[in-house]
Amino acid sequence: MTKTSSFQRQWGKVIKVMSSSTSSASPSFDILQIFMKDDGTFPNNEHYPTLIYKHAFHGSESEGRRLIVNKNEWTEPWVWGIFSYHHYHTKAWELLLCVCGSASIQLGGDDGPTVKIDKGDLVLIPPGVAHKQLEEGGGFSLLGSYPTFRFDGRIDTCRGKPTDEERRRIQECYVPEADPMFNLNIAEFCSSSAQWSESDLT
Numbered sequence: 018m019t020k021t022s023s024f025q026r027q028w029g030k031v032i033k034v035m036s037s038s039t040s041s042a043s044p045s046f047d048i049l050q051i052f053m054k055d056d057g058t059f060p061n062n063e064h065y066p067t068l069i070y071k072h073a074f075h076g077s078e079s080e081g082r083r084l085i086v087n088k089n090e091w092t093e094p095w096v097w098g099i100f101s102y103h104h105y106h107t108k109a110w111e112l113l114l115c116v117c118g119s120a121s122i123q124l125g126g127d128d129g130p131t132v133k134i135d136k137g138d139l140v141l142i143p144p145g146v147a148h149k150q151l152e153e154g155g156g157f158s159l160l161g162s163y164p165t166f167r168f169d170g171r172i173d174t175c176r177g178k179p180t181d182e183e184r185r186r187i188q189e190c191y192v193p194e195a196d197p198m199f200n201l202n203i204a205e206f207c208s209s210s211a212q213w214s215e216s217d218l219t
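Below you can see the structure in the form of structure tokens.
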């Protein structure tokens, strides 16, 4: 397998990074990485990609909730879906854990890629990245949470071009060190040097 250059970011492409295993007793799962740049309407985030842990969680909704808040580093989760219009947040990263059903989610704006989210998938969306729900099935439901550090408890929902203040918040937003469920280093999987080529997605 051939790694991409650390200087090369494949904008809008779903790229698989190295599979991860939390312990010898846990199954491996793939981590997908999607970099999205400013499309002229939505700021997205040129520095950090959306991360998707595919089929990573096999517990119940209550167990997922417990793991998210276990260290008091992420907020008490809400339970719902995703808005059907493109929106983004500037105050915090967003964690989404699919606990029921599946849905198609578009990232980055109207020309962005569409990904399918299934039960057990964990999604980490950086500030600024536009996202919306297109279709759903099987009683689609998510747990949603945000890092507590430097977070005032009120998430914003932005649409369209950001103001200068919103751009500043995106740039200065706290980057969590690890996800709350598997304690994997987020920065490690955000690096473009961690990418594998698209041919390895099969």
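Heads up, the sequence shown is in my numbering, so the first residue is 18 and it goes up one at a time.
Even glycine gets a Cβ: it sits at the ideal position worked out from N, Cα and C.
Buried or exposed by the 16-neighbour rule on C-beta atoms within 10 Å, applied to Asn-89: exposed
Test item: CB-CB of Pro-144 and Cys-207 under 7 Å: no
Stretch-stretch touch, CB-based, cutoff 8 Å, three pairs: the stretch 89-108 with the stretch 175-194: yes
Alpha-carbon to alpha-carbon, Thr-165 and Gly-154: 31 Å
Beta bridge counterpart(s) of Pro-164 as assigned by DSSP: Trp-91
The stretch 73-82 / the stretch 136-143 touching (three or more Cβ pairs under 8 Å): yes
Residue interval of the alpha helix (DSSP H) (run including Ser-79): 78-86
At least 3 beta-carbon pairs within less than 8 Å: the stretch 119-127 vs the stretch 77-96: no
Through-space distance from Thr-180 to Pro-44, alpha-carbon basis: Residue placement at Pro-44 is poorly supported in this model, since its pLDDT is 49, which falls under 50; the coordinates are not used for a value here.
Cβ-Cβ separation, Tyr-65 to Arg-176 (assumed contact under 8 Å), whole Å: Actually they are not in contact, since the Cβ atoms of Arg-176 and Tyr-65 sit about 21 Å apart, beyond 8 Å.
Thr-67 classed as buried or exposed, judged by whether at least 16 other C-beta atoms fall within 10 angstroms: buried
Range of the contiguous beta strand (DSSP E) that encloses Cys-175: Careful: Cys-175 lies outside any beta strand (DSSP E) and carries neither H nor E.
Pairwise C-alpha distance: Gly-81 and Ala-195: 16 Å
Candidates Val-132, Leu-160, Ala-147, Val-86: closest to Lys-54 by CA position: Ala-147
DSSP-derived helix/strand/coil call for Glu-153: strand
For Asp-135, the residue or residues it bridges with in DSSP: Ser-119
In DSSP terms, what Val-140 is bridged to: Ile-69, Leu-113
Beta-ladder partner(s) of Leu-124, from DSSP: His-148
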